[in-house]
Structures are given as C-alpha cells and as structure tokens.
Amino acid sequence: PRLVAGRVSWVYEPEMTPRDAYNAIVTNNIEMVAIENLPGRIAANSVIPYPPGIPMLLSGENFGDENSPQVGYLRSLQSWDHHFPGFEHETEGTEIIDGVYHVMCVKA
C-alpha cells in the first residue's frame, strides 16, 4: 500500500480476510444490499464487471463512502441499464432486483 498510495486516489483496505467473508456466506450471515446502501458495507463476494473481468472489489473489502469509485461505478452501470434496456452489463457478484443493483454483503 505504501508504494501505491502516491500513485492512485483510492487504496483498498480489507475489513476481513476472503476466508472470513466466505464463512459469512456459508453460515448465512449475509444480506443483499441495494447500491444506495452500500457505503460502509463489506462485500461477501467479489464484484467483477465484464468486460474487462478484473475485480473492482474483493471478498472482505469495504465499499467505502458514498463517493467511492466502487459505489459510483455501480451507480453508473445501473443508470446505463435503465437508459439502454437490452444492453445491460454483466457484473459478477451483483444481482438486479426490480431494476436495482444489489450486492451480497456481510451482515452489519
């Protein structure tokens, strides 16, 4: 993180290990959270938009505040999907419920 901090505007800080996040899934200590409620929440699963297929958030990482790049990107994808039906994005780790992106998070 020290080497990266001066080169990017956002450094991810894991709140728990991926193993602990997986254990939350196995023990059903998770809930689906709409994007407007993601700030401050911990992802139980990785969130991977296609293309390019590179994780934007890994299991156990915090979504950050309401202005974080992760939350903003999901808002942009949701807006695109609403404006261009039939051209929706594929984002592994999300579920669209009634037109709203949701992500599996560890229960608060």
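So for the sequence shown, full-length UniProt numbering puts the first residue at 1; every next one is plus one.
Idealized CB from N, CA, C, for every residue including glycine.
DSSP, reduced to helix, strand and coil, places H82 within a helical segment of the structure shown. Assigned with DSSP and collapsed to three states, I54 falls in coil, not helix or strand.
Counting the other Cβ atoms within 10 Å of the Cβ of T94 gives 16 or more, which makes it buried.
The bridge partners DSSP lists for V26 come to none. Judged by DSSP secondary structure, T91 falls within the beta strand (DSSP E) whose first and last residues are E90 to E92. Annotation for V33: R41, H102, V103 and C105 place their beta carbon closer than 7 Å to its own, counting only its chain and skipping 5 residues before and after. Beta bridge pairing from DSSP links M16 with no other residue. Using a Cβ distance threshold of 9 Å, E31 and K107 count as a contacting pair.
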